[in-house]
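Please read the structure below before turning to the comments.
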Amino acid sequence: MVEQTLKAEAKNLNFYYGDVHALKNINIPIKRRKVTALIGPSGCGKTTFLRCFNRMHDLYPHNRYEGEITLYPDNVNIISRDVDPIEIRMWISMVFQKPNPFPKSIYENVAYGPRVRGIKKKQIIDERVEKSLRGAALWDEVKDRLHNLAFDLSGGQQQRLCIARSLATEPRILLFDEPTSALDPTATSKIEELIVELKNEVTILIVTHNMQQAARVSDDTAFMYLGELVEFDRTDKIFTNPSNGLTEEYITGRFG
Amino acid sequence: MTDIKKRIAISKFWNNSFWVAGLLSTFAGLVLLFALFTDLFLDGAPRISYKFFTSFPSRFPEEAGILSAWIGTTLVMLVTAMAAIPLGIAAGIYLEEYARKNWITNIIEINITNLAGVPSIIYGLLALGLFVYFFEFGESILTGGLALALLILPMVIMATREAIRAIPNSIREASFALGATKWQTIKDHIIPYSTGGILTGIIIGLSRAIGETAPIITVGALTFIAFLPTSPVSAEFPFVSFKWLFDPFTVMPIQMFNWVSRPQKEFHINAAAAGIELLAMTLLMIGIAIYIRYNFRKKIKW
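Going line by line, the protein sequences match chains A and B. Take any residue in the first sequence, note its place counting from 1, add 57, and you have its number in the working numbering. Take any residue in the second sequence, note its place counting from 1, add 663, and you have its number in the working numbering.
Following this line, the structure appears as structure tokens:
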């Protein structure tokens, strides 16, 4: 059964910013509990594609989806107009390019997702906060100062806090939008280790500018260019023996 | 080499000149304000006593007090705050977070900005027509408070919008991405993070309202009043009463104006003393707002 190994699948996905046709007929399968990387030069549509998965485009006017992103095993079309984007965001969470913790305490940052889901019991929230912070490899660093402000943390810690905040919602898919582009190499490698570890529990989709990063963390890679999917394959295949000339030019650094 | 040195010297000269000019400008304002306060205090301070606060106005200067004026001002400001703060914040939030950005919202925005510059007496006339004649609230505390609320509403709206605009969009996206609705995002993030800026706007608005005379006179506040409004609390059931809203009133600036316009010098001293009291009330109000803002900023830091 193909569906059992797939968590989601984009089928003939088109996306428009007003009149701009930003994504053209994208077909990408997202495997369950694997890391799928999206690479490509700036403006190729990889972030646009990622933001379709949690319907972030619905926040702004004049955006339009066409086609399908099916979420398995429910067989729900994520981008259907009949599906409430808020419901989608309850299942699919996102970590952004720049760390964007709320200007509240570390604890409150992680607790916000559960609170939005109507969880009120302090004990349950406490457990969820600890589990998520452990999951984001941040617990040992912050366990004694959970009620300090999140902004007192370093950039890398803030990004791991944002990961913990997403984990606390127990997502089915976790989206990463260039999560390390604002971080130094040490913080970056920590986040990368974390992503590899997290795929044991959650399906991950990551946009990255950094090709080495894609090679290090992902199982599948999609190369996009000018709003189109050029090539999708296993990561080792893409980086050693791409079948498309354009992909080869990009990963060898001849353009982009 | 010498050329460069000369150039730097010239640039430095201009830098220092502006430094001096800026310092002098700053002092000009400060010194003037200080002189004004000192003068007011020297004139009025001897007149301030417990009796001054607890006496009604009188035609004998040494017996006259500001009881009806300071109670009137307090109650009017209460009505103003109760009306302007929720309306202003709600309108600001709507315009920033809900309203689509198009030509209609642009026109509304321009109008609100212009409303902030409308002379206060115009608001008085509006309140006279609307609250006194149309709604028949009478020449009451309610009318006075609402007139001042209209006056400061644009300031509260603009301050709310500015404060909300200062919140980075990434914070909104973070909240939405966790599954929050628009209202949850506003309630849990937008309002708490903009409270500091909103309070600053409220302080500026209320400080302006407390000193306004023109709209209050226009709606028909009394200049001489020797009784108090109905007490809001009483010993009998139902213990609270809102009848005071419809009672006639006067406010501090009117009382001051009334005394200043009298020929006897003793009344001028009373006016200075009332001025000190009005300043104290303003500072107290600002102090409370700054205290609240300080407490909010302790918990939430950008």
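We put the CB at the ideal spot given by N, CA and C, even for glycine.
- At least three beta-carbon pairs within less than 8 Å, the region 280 to 298 of chain A to the region 75 to 83 of chain A: yes
For residue 200 of chain A and residue 137 of chain A, the rounded distance between their alpha carbons
On the first sequence, position 80 is the one that residue 137 of chain A refers to. On the first sequence, position 143 is the one that residue 200 of chain A refers to. Using only the alpha carbons, I get a separation of about 41 Å.
query = Who are the neighbours of residue 143 of chain A on chain B, taking C-beta pairs under 7 Å?
reply = Working through the first sequence from its first residue, we reach residue 143 of chain A at position 86. By Cβ distance, chain B contributes 842, 844.
Once the 5 residues before and after residue 906 of chain B are set aside, which same chain residues still bring their CB inside 7 Å of it? Along the second sequence, read from residue 1 onward, the residue named residue 906 of chain B stands at position 243. Counting only Cβ-Cβ distances below 7 Å, and skipping sequence neighbours, we find 893.
Exposure of residue 745 of chain B, with buried meaning 16 or more beta-carbon neighbours within 10 Å | Taking the second sequence and counting its residues from 1, the one referred to as residue 745 of chain B is at position 82. Classification of residue 745 of chain B: exposed, given that the 10 Å Cβ count is below 16.
Taking all protein chains shown into account, do 16 or more other C-beta atoms lie within 10 angstroms of the C-beta of residue 875 of chain B, making it buried, or fewer, making it exposed?
In the second sequence, counting from the first residue as 1, residue 875 of chain B sits at position 212. The residue in question, residue 875 of chain B, is buried, as its Cβ has 16 or more Cβ neighbours within 10 Å.
Next on the checklist: Give me the residue from B/794, B/848, B/732, B/862 with the minimum Cα distance to residue 937 of chain B.
Outcome noted: Translated into positions along the second sequence, residue 937 of chain B becomes position 274. Looking at the Cα atoms, B/732 is the closest of the given residues.
Q.
If you reduce the DSSP assignment to three classes, tell me which class residue 124 of chain A lands in.
A. Looking up residue 124 of chain A in the first sequence gives position 67. Strand at residue 124 of chain A.
Practice task
Sort A/168, A/66, A/155, A/247 by Cα distance to residue 185 of chain A and report the nearest one.
Solution key: On the first sequence, position 128 is the one that residue 185 of chain A refers to. Cα-wise, what sits closest to residue 185 of chain A is A/168.
### Message
Which same chain residues end up closer than 7 Å to residue 719 of chain B when comparing Cβ atoms and leaving out the 5 residues on each side of it in sequence?
### Response
Position 56 of the second sequence holds residue 719 of chain B. Answer for residue 719 of chain B: 728, 730, 731, 889, listed in chain order.
task = Under 8 Å by Cβ, that's how I've got residue 133 of chain A and residue 841 of chain B pegged, so tell me the actual separation to the nearest angstrom.
result = Sequence index remark: in the first sequence, residue 133 of chain A carries index 76 (1-based). Sequence index remark: in the second sequence, residue 841 of chain B carries index 178 (1-based). With a Cβ gap of about 19 Å, residue 133 of chain A and residue 841 of chain B do not count as contacting.
In three-state terms, what does DSSP make of residue 60 of chain A? Here residue 60 of chain A refers to the residue found at position 3 when the first sequence is read from its first residue. Since pLDDT at residue 60 of chain A reaches only 46, below the 50 mark, its modelled position is unreliable, and the value read off the structure follows with that caveat. Reduced to three states, the DSSP call for residue 60 of chain A is helix.
- Through-space distance from residue 756 of chain B to residue 299 of chain A, alpha-carbon basis: The count along the first sequence starts at 1 and reaches residue 299 of chain A at position 242. The count along the second sequence starts at 1 and reaches residue 756 of chain B at position 93. Their Cα atoms are separated by approximately 52 Å.
Measuring CA to CA, which of A/69, A/305, A/92, A/72 is closest to residue 62 of chain A? On the first sequence, position 5 is the one that residue 62 of chain A refers to. Looking at the Cα atoms, A/92 is the closest of the given residues.
Member of B/789, B/823, B/800, B/806 whose CA lies at the smallest distance from the CA of residue 748 of chain B:
The sequence position of residue 748 of chain B within the second sequence is 85, counting from 1. It is B/823.
What is the DSSP secondary structure of residue 282 of chain A, counted as helix, strand or coil?
-> Taking the first sequence and counting its residues from 1, one reaches residue 282 of chain A at position 225. Residue 282 of chain A: strand per DSSP, three-state reduction.
inquiry  = Does any residue of chain A have a CB that is nearer than 8 Å to the CB of residue 772 of chain B?
reply    = What you label residue 772 of chain B is simply residue 109 of the second sequence in a count that begins at 1. Residue 772 of chain B does not count as touching chain A.
Chain A contact residues for residue 833 of chain B, given Cβ-Cβ distances below 8 Å
Here residue 833 of chain B refers to the residue found at position 170 of the second sequence. Simply 153, 155, 157.
Query - Whole-number beta carbon distance between residue 878 of chain B and residue 784 of chain B, since they are thought to touch under 8 Å - result: Along the second sequence, one-based indexing puts residue 784 of chain B at 121. Along the second sequence, one-based indexing puts residue 878 of chain B at 215. Indeed they touch by this definition, with Cβ atoms about 6 Å apart.
In chain A, what lies closer than 9 Å to residue 763 of chain B by C-beta? Position 100 of the second sequence holds residue 763 of chain B. By Cβ distance, chain A contributes 118.
Closer than 8 Å to chain A by CB, residue 957 of chain B: Mapped onto the second sequence, residue 957 of chain B falls at position 294. No, residue 957 of chain B lies away from the interface with chain A (no Cβ there is under 8 Å from its Cβ).
Practice problem: Note the first and the last residue of the continuous beta strand (DSSP E) segment covering residue 77 of chain A. | Solution: Here residue 77 of chain A corresponds to residue number 20 of the first sequence, with the count starting at 1. It spans 77 to 88 - the beta strand (DSSP E) in which residue 77 of chain A sits, taken as one unbroken run.
Q) Is the Cβ-Cβ distance between residue 205 of chain A and residue 125 of chain A less than 8 Å? A) Along the first sequence, one-based indexing puts residue 205 of chain A at 148. Along the first sequence, one-based indexing puts residue 125 of chain A at 68. No; because the gap between Cβ atoms is not below 8 Å, this pair is not in contact.
query = Given 8 Å as the limit, is there contact between the region 139 to 154 of chain A and the region 112 to 124 of chain A, that is, 3 or more CB pairs closer than that?
reply = yes
Given a threshold of 16 other Cβ atoms within 10 Å of its Cβ, counted over all protein chains shown, does residue 803 of chain B qualify as buried or as exposed?
For the purposes of this step, residue 803 of chain B is identified with residue 140 of the second sequence, where counting begins at 1. Buried: at least 16 other Cβ atoms inside 10 Å.
### Query
Hey, would you say residue 762 of chain B sits closer than 8 Å to residue 790 of chain B, going by beta carbons?
The residue labelled residue 762 of chain B in the question sits at position 99 within the second sequence. The residue labelled residue 790 of chain B in the question sits at position 127 within the second sequence. Contact flag unset, no.
query = Nearest chain B C-beta to residue 105 of chain A closer than 8 Å, yes or no?
reply = Here residue 105 of chain A refers to the residue found at position 48 when the first sequence is read from its first residue. Chain B, which has no Cβ nearer than 8 Å to the Cβ of residue 105 of chain A, makes this no.
Classify residue 844 of chain B as helix, strand or coil using the three-state DSSP reduction. Numbered from its first residue, the second sequence carries residue 844 of chain B at position 181. Coil.
Quick check on residue 232 of chain A: does DSSP put it in helix, strand or coil?
Translated into the one-based positions of the first sequence, residue 232 of chain A becomes position 175. Strand, per DSSP.
### Query
Roughly how far, in whole angstroms, is the beta-carbon of residue 163 of chain A from the beta-carbon of residue 171 of chain A, given that I think they are within contact range, below 8 Å?
Translated into positions along the first sequence, residue 163 of chain A becomes position 106. Translated into positions along the first sequence, residue 171 of chain A becomes position 114. Their Cβ separation, rounded to whole angstroms, is 14 Å, which puts residue 163 of chain A and residue 171 of chain A out of contact at 8 Å.
* Which residues does DSSP pair with residue 150 of chain A in a beta bridge? -> As a working mapping, residue 150 of chain A is identified with position 93 in the first sequence. Looking at the DSSP assignment, residue 150 of chain A forms a beta bridge with A/231.
Classify residue 764 of chain B as helix, strand or coil using the three-state DSSP reduction.
Locating residue 764 of chain B in the second sequence gives position 101, where the first residue counts as 1. In the structure shown, residue 764 of chain B sits in coil (DSSP, three-state: anything other than H, G, I, E or B).
Point to revise | C-alpha distance - residue 696 of chain B paired with residue 808 of chain B, whole-angstrom precision | key: Locating residue 696 of chain B in the second sequence gives position 33, counting from the first residue. Locating residue 808 of chain B in the second sequence gives position 145, counting from the first residue. About 29 Å.
| From which residue to which residue does the beta strand (DSSP E) around residue 95 of chain A run? | The residue you call residue 95 of chain A lines up with position 38 of the first sequence. 92 to 96 is the extent of the beta strand (DSSP E) around residue 95 of chain A.
**Prompt:** Buried or exposed: which applies to residue 669 of chain B, given that a residue is buried once 16 or more other Cβ atoms fall within 10 Å of its Cβ?
**Reply:** Against the second sequence, residue 669 of chain B aligns to sequence position 6. With fewer than 16 Cβ atoms within 10 Å of its Cβ, residue 669 of chain B is classed as exposed.
Stretch pair the region 705 to 715 of chain B + the region 934 to 948 of chain B: three plus CB contacts closer than 8 Å:
yes
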